[in-house]
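Residue numbers (the working numbering), protein chains in the order written: chain A, 725 to 930; chain B, 725 to 930.
Even glycine gets a Cβ: it sits at the ideal position worked out from N, Cα and C.
I have placed the structure first, in the form of structure tokens, so that the comments after it can refer back to it.
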DNA sequence: ATAGTAGTTGACTAATCGGTCAAGTGCAAG
DNA sequence: CTTGCACTTGACCGATTAGTCAACTACTAT
């Protein structure tokens, strides 16, 4: 087991932070090195290019996101309630970020993914796989909801993709309107896509 | 009336084209000038900065989009059918773009908007106003649908915003999955957000 | 004819970009 | 002590960046 080099992880977290707040194009390698207090030579000792650093940063961040998603989508909660927990966590994370950096930042996977997906295939694929990861959480909760008779049978892969799209769109709105309140109806809209009444779930878990 | 200078409009359309296919950061003023066959001096004769050019390009493009939206959301069609037409036009425009440039490009307002909204307030506001424009089309159709008794009364401003989010998310998926087929369930998902059965509308206008 | 205006041109700048590299440091095993 | 490995450093590179500018052309109104 490697003990994981501190400089490397510092670069990883700093890069994600900066690209989240700004963009890929407007964050230079020098910027990243400066905020991480690392010299450029070290940067290129660990990463062959800015693009590779970005992919690695996404990978590391996604692991942390997964931990949060595992909580929201834990089997210990009823399937539909998991979406409520997810919506709440989403709102919370955006509000926190705006509080700490002064601006609503949306989702770095979306912003950077869109910025580079026609030009950098590695980043495109990484972001694509992350979004598939989100869908897997959604789909599994829907499958379980069906098994418990909470929703009728249907194509849950498609519904999960629609939920994914909705959530991404809401995060786009959050950044462009510079306001996390764009997320306030997330839960309700998700349940409409699923085809159940919100009140039904909200009333059961007030 | 000014007869509208050719060089200027060439710069406008070329800039939008390039930023749609790539991104703001990776398209240089030189790139734009080269493809438009215009010298840089002329560029800065018409526009004080790259950012201003971008805002102007968005404004001009939005006018053309509006013409298309006016067709889809024309009062000559039943209110709910307008969404079907919109969904079809959306799919068509993405498919065409992929055919002509080889890649699915999504929506330039979203991509560039996300890329710059924390750094360039002018662009943020322009993109925000464009998205509000979309919502107005959606909301007006919903209001009319209610007036015709097709949908129950409700907060149509919120629903329009949700539809806007969904559509944006689908366009994000289109670019990141590099596949316009991400849009194939657009119509169905919109109707779920509205709260009506797709079949109802589809059957009426096959 | 002349003067003014609208548009065009290409050479120029200063700064910044991503990336390279040879020379180092400090530590651990032999 | 010595070798070797993991990591660090700062100077350096050529290319590219957004933006400037004085000189120029062509047309138009008087």
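{"Item": "Can you list, in chain order, the residues of its chain whose CB lies under 7 Å from that of residue 932 of chain A, leaving out five sequence neighbours each side?", "Value": "Nothing about residue 932 of chain A can be read from this structure; chain A reaches only from 725 to 930."}
{"Item": "Can you confirm whether residue 874 of chain B, when its beta carbon is compared against all beta carbons of chain A, has any partner nearer than 8 Å?", "Value": "no"}
{"Item": "Counting only runs that start and end within the region 803-831 of chain B, where is the beta strand (DSSP E) found for 3 or more residues in a row?", "Value": "none"}
{"Item": "Taking 8 Å as the cut-off, decide whether the C-beta atoms of residue 877 of chain A and residue 870 of chain A are in contact.", "Value": "yes"}
{"Item": "Listed in chain order, which residues of the region 874-902 of chain B have Cβ atoms closer than 8 Å to some Cβ of chain A?", "Value": "882, 885, 886, 888, 889, 890, 891, 892, 893, 894, 896, 897, 899, 900, 901, 902"}
{"Item": "Given this structure, state the Cα-to-Cα distance separating residue 812 of chain A from residue 786 of chain B, to the nearest angstrom.", "Value": "34 Å"}
{"Item": "Could you check whether residue 782 of chain A and residue 735 of chain A sit closer than 8 Å to each other, using their CB atoms as the reference points?", "Value": "no"}
{"Item": "Note down, in chain order, each residue of its chain lying with its Cβ closer than 6 Å to the Cβ of residue 892 of chain B, except the 5 sequence neighbours on either side.", "Value": "834"}
{"Item": "By the DSSP assignment, the alpha helix (DSSP H) with residue 879 of chain B in it spans what residues?", "Value": "Counting along the chain, residue 879 of chain B falls outside any alpha helix (DSSP H), and DSSP gives it neither H nor E."}
{"Item": "Return helix, strand or coil for residue 737 of chain A, following the three-state DSSP convention.", "Value": "helix"}
{"Item": "Kindly say whether residue 742 of chain B, judged by its beta-carbon, lies nearer than 8 Å to any beta-carbon of chain A.", "Value": "no"}
{"Item": "Give, in chain order, every residue of the region 745-779 of chain A whose Cβ lies closer than 8 Å to some Cβ of chain B.", "Value": "745, 746, 747, 748, 749, 750"}
{"Item": "For residue 818 of chain B and residue 898 of chain B, which I take to be in contact (beta-carbon distance under 8 Å), what is that distance rounded to the nearest angstrom?", "Value": "6 Å"}
{"Item": "Decide if residue 729 of chain A is buried, meaning its Cβ has at least 16 other Cβ atoms within 10 Å, or exposed.", "Value": "exposed"}
{"Item": "Comparing alpha-carbon positions, which option in B:738, B:751, B:737, B:733 lies nearest residue 843 of chain A?", "Value": "B:751"}
{"Item": "How many Å lie between residue 793 of chain A and residue 760 of chain A at the Cα?", "Value": "28 Å"}
{"Item": "Do residue 906 of chain A and residue 894 of chain A have their C-beta atoms closer together than 8 Å?", "Value": "yes"}
{"Item": "Taking the alpha carbon of residue 754 of chain B as the reference point, which residue from B:748, B:848, B:764 has its own alpha carbon closest?", "Value": "B:764"}
{"Item": "Quick check: residue 915 of chain A and residue 861 of chain A, are their CB atoms within less than 8 Å of each other?", "Value": "no"}
{"Item": "Residues in the same chain with beta-carbon distance under 6 Å from residue 824 of chain A, minus the five sequence neighbours each way, listed in chain order, please.", "Value": "none"}
{"Item": "Is it buried or exposed, residue 909 of chain A, if we count other Cβ atoms within 10 angstroms and call 16 or more buried?", "Value": "buried"}
{"Item": "For residue 885 of chain B, I'd like the list of residues in its chain whose CB is within less than 7 Å of its CB, leaving aside the five on either flank, ordered along the chain.", "Value": "859"}
{"Item": "Rounded to the nearest angstrom, what separates residue 733 of chain B and residue 846 of chain B at their Cα positions?", "Value": "20 Å"}
{"Item": "Is residue 807 of chain B closer than 8 Å to residue 911 of chain B when the C-beta atoms are compared?", "Value": "yes"}
{"Item": "Does residue 873 of chain A pass the burial test, meaning 16 or more other C-beta atoms within 10 Å, or should it be called exposed?", "Value": "exposed"}
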